[in-house]
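For reference, the structure is listed below as C-alpha cells.
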Amino acid sequence: MKPFIKHLFIVSLFLVFFSVYNYTIYTSKSDYGNIHLSKKAIQGENLWLKNNCNSCHQLYGLGGYLGPDLTNVYANRNEDYLKAMLNSGVKAMPKFNFNSKEKEALVQFFKEVNQTGFYPNTEAELETDGWVSIKRKK
Ligand code: HEC
Numbered sequence: 001m002k003p004f005i006k007h008l009f010i011v012s013l014f015l016v017f018f019s020v021y022n023y024t025i026y027t028s029k030s031d032y033g034n035i036h037l038s039k040k041a042i043q044g045e046n047l048w049l050k051n052n053c054n055s056c057h058q059l060y061g062l063g064g065y066l067g068p069d070l071t072n073v074y075a076n077r078n079e080d081y082l083k084a085m086l087n088s089g090v091k092a093m094p095k096f097n098f099n100s101k102e103k104e105a106l107v108q109f110f111k112e113v114n115q116t117g118f119y120p121n122t123e124a125e126l127e128t129d130g131w132v133s134i135k136r137k138k
C-alpha cells in the first residue's frame, strides 16, 4: 500500500471511531434519564425561578450566599416548617404571599431535589485521636 493511502485509511478509521463514539455518548440518556420532576415539582421550580430564590439560596452549592443551601432542606426540616418559612419572613428571608397550592408545589420541589443527592456530599466526623475523618455520603 502507498503511504498516502495507508494514512488515509488510518485517518478514516479514526473518523469512524470518533463519530460512533460521539453518537453513542450524545444520544445515551443513562446518566440523567432517570430523574424527572413531577408536574407539581415543576410548578414549584417555576416559582423558585420566578421569585429569584436562587439569588440568596443555593442548590448544590450554586446560587447566592445570603441564605442557606436548600438541596437537602427537605430532609432536615418538616413540611410545616418549610411552608411557614415561605410566608413568614425571617431576618433576610423576605415574606412571600404564596397560597397553599404554591406552598405545596415548592415543598414538592424541595422533596424531589432532595432525592437527587447530597450537598455537600461529605460528612466530617471527629475521631477520638483528634483527627477528622471525611466520609462520602451515598
Ligand atoms: C433576599 C434573600 C432571600 C430570598 C430572595 C429568599 N430567601 Fe429564603 N432565606 C433567606 C435567609 C437569609 C434565610 C435564613 C433565615 C434564618 O433562618 O435566619 C432563608 C431561609 C429559607 C428557608 C429555611 C431554611 C432552613 O433550613 O431553615 C427556606 C425553606 C427558604 N428560605 C426558601 C426560600 C424560597 C422558596 C425562596 C423563593 C420563593 C426564598 N427562600 C427566597 C434569604 C432569602
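Letter by letter, the sequence shown follows residues 1 to 138 in full-length UniProt numbering.
Quick reminder that beta carbons are idealized off the backbone N, C-alpha and C, glycines included.
Counting along the chain, where does the alpha helix (DSSP H) carrying residue i start and finish?
i	result
S19	3–27
Per DSSP, residue i is paired with what?
i	result
T122	R136
What does the alpha-carbon distance come out to for the pair residue i and residue j?
i	j	result
K114	G130	Sequence inspection shows Asn at residue 114; the Lys mentioned does not correspond to that position. Between N114 and G130, the C-alpha separation is close to 32 Å.
E102	L86	10 Å
Y26	Q43	28 Å
C53	F98	13 Å
S133	E123	8 Å
K6	K29	37 Å
S88	K138	34 Å
K2	Y23	32 Å
M93	P68	10 Å
Y81	C56	19 Å
K135	E125	8 Å
K91	L66	11 Å
List in chain order: all unbroken alpha helix (DSSP H) runs of 4+ residues lying wholly within the UniProt domain "Cytochrome c" (39–114).
39–50, 73–76, 79–88, 100–114
Could you tell me whether the region 68–85 touches the region 1–14, where touching means 3 or more Cβ pairs closer than 8 Å?
no
Under 8 Å, with one C-beta from each stretch per pair, do the region 100–108 and the region 33–51 reach the 3-pair mark?
yes
Touch test, the region 113–132 against the region 57–72, Cβ-Cβ under 8 Å, three pairs minimum:
yes
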